[in-house]
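Chemist: My questions will all concern the structure given below.
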Ligand SMILES: Nc1ncnc2c1ncn2[C@@H]1O[C@H](COP(=O)(O)OP(=O)(O)OP(=O)(O)O)[C@@H](O)[C@H]1O
Ligand code: SF4
Ligand SMILES: [Mg+2]
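Protein chains in written order, with the numbering used here: chain A, 1 to 327; chain B, 328 to 649.
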């Protein structure tokens, strides 16, 4: 287990370095941030001074080397635009995104697995068909369109829900959260539903497919032949087996829901890190872009690690680190 | 406890109502199993043996349905029970073991969980006493160091061991009847022999009756008291095992016996029954075996009734072999 963790850590560092290098090249290729940062009327001398101050006058590889040295000591550079540490900027905004993503995921899981189970157990019933039809809709409607419709209906027409911002927040462990106040919840409702819809559809399909396959297995018939209650057969024998792929997908999707909350954040003006990223790309604010992607990739890596551990807990046939089970 | 046989299946019909038509998987099957008796249910693949077993346990799922007949177990007609009452018999008074031990145990649950839940589904006992019964059942089926084994997962066992565990689960509540659906077919020959021997021993010791489903007559020969032969969902012949094996009356039983290697003289080629099982979907009236039967006459286009050629034997054929 320890050797496995160390190996995973090594791989992760490699991925992070490679990623940062690619982003460096990418931003370098798009354009020179100096053009955007300095007043167009400024003369050559002033431009040169600004470039030197930001280190942009040095060769590309040297710039990257400076960044790497800083990163090794936890310094991901200062934003060209705000002149603040890039990491601080992101960590300021990230909690709002994470809250949104978590609430969306909890909704998707809490509804998706039960609905998928029902649809999988009774695929030909009216309810089963209705659930499937709903999930096809959720799958195919574009997120931004659903977001706009939500605003049209619930904010503009009915006037029930606010259409932008986080609302009133409450401090929990030093972080502001929305879901503990009534106003915050009202603000959270639509963006969370919007973000959850796709994942919900995905989980319904996944659960339904898994259930349909599992109920045909001999171990389910054997469990029933033991005289177990329907609840135990489904809640333990079926669910524990289908949970294996579901946990994997939930893990992967949790990362992507954080990384790609951008669209939802833009529609509902949710003050999260997605909006910060869009602004930074527009201004070629390289340190923030690089730092944002590094933070997201780190999140992915951590989540994947947790999923692997969970996976090995759920499926006794899987042992971390590749040690074969004894026979 | 009633005075009659332990299990009496009487005119059972179980049909699947599929989009393509009605599949008569079990069509008029009757047999009885006495207390502590071993009945072999024999027939080719697809003849409806498993579906007969599932019907007795009430494990038929839509589009399948028991359309007719009685399943009288210890004086109660199971087909008239509500689902909860049927469930309380399942795994408790009637247990079942399946063909493929690699598939019957849940791969993600430990052995102790899988046995304890079987006990606790029927008896309000503590986990400790359920575990004690589990341990005892494992010992009875010849599993060494049961305490260690209880904590293992199915993938840590060989096929033969898994089947022993499945048998232990079937035995754990002390059932009156075990339905064994080809439990040795998927195992290699030596293990087959061991399992067969132990099943027989355990059932004889505890007076448990056994309904042994198989397509292999040679297994039945040394095991069963009585045989019931099925063909295309119908019962065709039944009687004491020695009578049927030595003097089969139905042309299909005769064909089955002739195709068993051990019963032939050396050097003579085995006789196979020509032709194939008819599709249950397109099966019309008349004897379903007539396409393959050497004794068939125009009369066989009608359905033969069940006759009793000698006491304890039943037959469904117009022209029994003599
Ligand atoms: N869900 C279903 N829908 C329609 N027909 C079915 C269904 N399940 C089983 N059958 C049919 O029921 C018939 C009897 O099947 P059964 O499993 O009882 O045969 P079997 O005698 O146990 O054969 P085997 O030796 O292969 O196990 C088969 O012809 C099969 O095609
Ligand atoms: S009834 Fe006729 S066709 Fe059927 S087994 Fe007997 S002789 Fe053959
Ligand atoms: Mg079968």
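Using N, Cα and C, we set each Cβ at its ideal position, and we do this for glycine too.
(1) Check whether the stretch 455-466 of chain B and the stretch 490-506 of chain B touch, using three or more Cβ-Cβ pairs below 8 angstroms as the test.
(2) Cα separation between residue 19 of chain A and residue 183 of chain A?
(3) Whose CA, out of B/449, B/617 and B/454, lies closest to the CA of residue 440 of chain B?
(4) If we define contact as Cβ-Cβ less than 8 angstroms, is residue 227 of chain A a contact residue for chain B?
(5) Quick check on the DSSP output: the alpha helix (DSSP H) that includes residue 190 of chain A runs from which residue to which?
(6) Is there at least one Cβ from chain B nearer than 8 angstroms to residue 126 of chain A's Cβ?
(7) Within 8 angstroms, do at least three Cβ pairs link the stretch 123-133 of chain A to the stretch 216-231 of chain A?
(8) Drop a sphere of 10 angstroms on the beta-carbon of residue 336 of chain B, count the other beta-carbons inside from all chains shown, and report buried for 16 or more, exposed for fewer.
(9) Hey, how far is the Cα of residue 297 of chain A from the Cα of residue 199 of chain A?
(10) Name, in chain order, the residues that DSSP records as bridge partners for residue 341 of chain B.
(11) Find the residues of chain A that neighbour residue 373 of chain B, judging by a C-beta separation of less than 9 angstroms, and give them in chain order.
(12) Would you check if the stretch 426-442 of chain B and the stretch 505-517 of chain B touch, i.e. whether three or more CB-CB distances between them fall below 8 angstroms?
(13) From residue 334 of chain A to residue 301 of chain A, what does the alpha carbon distance come to, in whole angstroms?
(14) Is the closest heavy atom of ligand 3 to the C-beta of residue 265 of chain A under 7 angstroms?
(15) So which residues of chain A does residue 431 of chain B contact, with C-beta pairs closer than 7 angstroms?
(16) In the DSSP output, which residue or residues are listed as bridge partners for residue 85 of chain A?
(17) Sorry if obvious, but does the Cβ on residue 371 of chain B come closer than 7 angstroms to a heavy atom of ligand 3?
(18) Nearest-angstrom Cα distance between residue 376 of chain B and residue 368 of chain B?
(19) In the DSSP assignment, find the unbroken beta strand (DSSP E) run with residue 31 of chain A in it and report its ends.
(20) Three-state secondary structure (DSSP) at residue 229 of chain A?
(21) Taking residue 553 of chain B as part of the beta strand (DSSP E), name the residues at either end of that continuous run.
(22) Counting contacts by CB-CB distance shorter than 8 angstroms, is residue 529 of chain B in contact with chain A?
(23) Going by alpha carbons, who is nearest to residue 579 of chain B out of B/569, B/611, B/646 and B/628?
(24) From this set, A/30, A/208, A/307 and A/213, which residue's C-alpha is nearest residue 253 of chain A's C-alpha?
(25) Quick one, which residues of the stretch 297-318 of chain A are near chain B if we go by CB-CB under 8 angstroms, in chain order?
(26) Got a sec? Which residues, its chain only, sit under 8 angstroms from residue 255 of chain A by beta carbon, not counting five neighbours each side?
(27) Less than 8 angstroms between the beta carbons of residue 576 of chain B and residue 642 of chain B, yes or no?
(28) Taking residue 259 of chain A as part of the alpha helix (DSSP H), name the residues at either end of that continuous run.
(29) With DSSP run on the structure shown, which of helix, strand or coil describes residue 470 of chain B?
(30) With a threshold of 7 angstroms (Cβ to nearest heavy atom), would residue 125 of chain A be considered close to ligand 1?
(31) To which residues of the same chain is residue 314 of chain A closer than 8 angstroms at the C-beta, ignoring the five residues directly before and after it?
(32) So is the beta-carbon of residue 388 of chain B under 7 angstroms away from any non-hydrogen atom of ligand 3?
(33) Would you list the residues sitting across from residue 536 of chain B in a DSSP beta bridge?
(34) CA-CA distance, residue 574 of chain B and residue 639 of chain B?
(35) At 4 residues or longer, and completely inside the stretch 408-469 of chain B: list those alpha helix (DSSP H) runs for me, N to C.
(36) Run the Cβ filter for me: residues under 6 angstroms from any heavy atom of ligand 3, listed in the order they occur in the chain.
Modeler: In terms of the structure at hand:
(1) yes
(2) If you number the first chain from 1, residue 19 of chain A lands on position 19. If you number the first chain from 1, residue 183 of chain A lands on position 183. Between residue 19 of chain A and residue 183 of chain A, the C-alpha separation is close to 39 angstroms.
(3) On the second chain, position 113 is the one that residue 440 of chain B refers to. Considering only alpha carbons, the answer is B/454.
(4) Against the first chain, residue 227 of chain A aligns to sequence position 227. Cβ-Cβ to chain B under 8 angstroms: yes for residue 227 of chain A.
(5) As a position in the first chain, residue 190 of chain A is number 190, starting the count at 1. Here the alpha helix (DSSP H) through residue 190 of chain A covers 182-214.
(6) In the first chain, counting from the first residue as 1, residue 126 of chain A sits at position 126. With 8 angstroms as the cut-off, residue 126 of chain A does not count as an interface residue toward chain B.
(7) no
(8) The residue you call residue 336 of chain B lines up with position 9 of the second chain. With 16 or more Cβ atoms within 10 Å of its Cβ, residue 336 of chain B is classed as buried.
(9) By 1-based counting over the first chain, the position of residue 297 of chain A is 297. By 1-based counting over the first chain, the position of residue 199 of chain A is 199. In a straight line, the C-alpha of residue 297 of chain A is about 20 angstroms away from that of residue 199 of chain A.
(10) Along the second chain, read from residue 1 onward, the residue named residue 341 of chain B stands at position 14. Looking at the DSSP assignment, residue 341 of chain B forms a beta bridge with B/353 and B/393.
(11) Translated into the one-based positions of the second chain, residue 373 of chain B becomes position 46. Under the 9 angstroms cutoff, chain A gives no residues; its nearest Cβ is about 18 angstroms from residue 373 of chain B.
(12) yes
(13) Chain A is shown only over 1 to 327; residue 334 of chain A falls outside these bounds and no answer can be derived.
(14) In the first chain, residue 265 of chain A corresponds to position 265, counting from 1. Incorrect: residue 265 of chain A has no Cβ contact closer than 7 angstroms to ligand 3.
(15) The residue labelled residue 431 of chain B in the question sits at position 104 within the second chain. Simply 218, 219 and 222.
(16) For the purposes of this step, residue 85 of chain A is identified with residue 85 of the first chain, where counting begins at 1. DSSP lists A/78 as partners of residue 85 of chain A.
(17) Taking the second chain and counting its residues from 1, the one referred to as residue 371 of chain B is at position 44. Not under cutoff, so the answer is no.
(18) By one-based count along the second chain, residue 376 of chain B stands at place 49. By one-based count along the second chain, residue 368 of chain B stands at place 41. Near 7 angstroms, if we compare the C-alpha coordinates of residue 368 of chain B and residue 376 of chain B.
(19) Along the first chain, one-based indexing puts residue 31 of chain A at 31. Note, residue 31 of chain A: premise wrong, no beta strand (DSSP E); not H, not E.
(20) On the first chain, position 229 is the one that residue 229 of chain A refers to. The answer is coil: DSSP assigns residue 229 of chain A none of H, G, I, E or B.
(21) In the second chain, the residue the question calls residue 553 of chain B occupies position 226. Taken as a continuous stretch (DSSP letters only), the beta strand (DSSP E) holding residue 553 of chain B covers 553-558.
(22) Position 202 of the second chain holds residue 529 of chain B. Taking Cβ atoms only, chain A never reaches closer than 8 angstroms to residue 529 of chain B, which makes this a no.
(23) As a working note, residue 579 of chain B is residue 252 in the second chain. Measuring from the Cα of residue 579 of chain B, the nearest candidate turns out to be B/646.
(24) As a position in the first chain, residue 253 of chain A is number 253, starting the count at 1. Out of A/30, A/208, A/307 and A/213, A/307 has the C-alpha closest to the C-alpha of residue 253 of chain A.
(25) 314, 315, 316 and 317
(26) Looking up residue 255 of chain A in the first chain gives position 255. Once the five neighbours on either side are set aside, the close Cβ partners of residue 255 of chain A are 296, 299, 300, 303 and 304.
(27) Taking the second chain and counting its residues from 1, the one referred to as residue 576 of chain B is at position 249. Taking the second chain and counting its residues from 1, the one referred to as residue 642 of chain B is at position 315. Closer than 8 angstroms, so yes.
(28) Mapped onto the first chain, residue 259 of chain A falls at position 259. First-last of the alpha helix (DSSP H) with residue 259 of chain A: 239-259.
(29) The residue labelled residue 470 of chain B in the question sits at position 143 within the second chain. Residue state, collapsed to three classes: coil.
(30) Reading the first chain from its first residue, position 125 is the one you call residue 125 of chain A. Not so, every heavy atom of ligand 1 lies at least 7 angstroms from the Cβ.
(31) Counted from its first residue, the first chain places residue 314 of chain A at position 314. Closer than 8 angstroms at Cβ, skipping near neighbours: 240, 243, 244 and 247.
(32) Here residue 388 of chain B refers to the residue found at position 61 when the second chain is read from its first residue. Not under cutoff, so the answer is no.
(33) Along the second chain, read from residue 1 onward, the residue named residue 536 of chain B stands at position 209. Paired residues: B/504.
(34) As a first step, residue 574 of chain B is located in the second chain; it is residue number 247 there, counting from the start. As a first step, residue 639 of chain B is located in the second chain; it is residue number 312 there, counting from the start. Using only the alpha carbons, I get a separation of about 14 angstroms.
(35) 410-416, 428-431, 438-447 and 454-467
(36) B/376, B/377 and B/508
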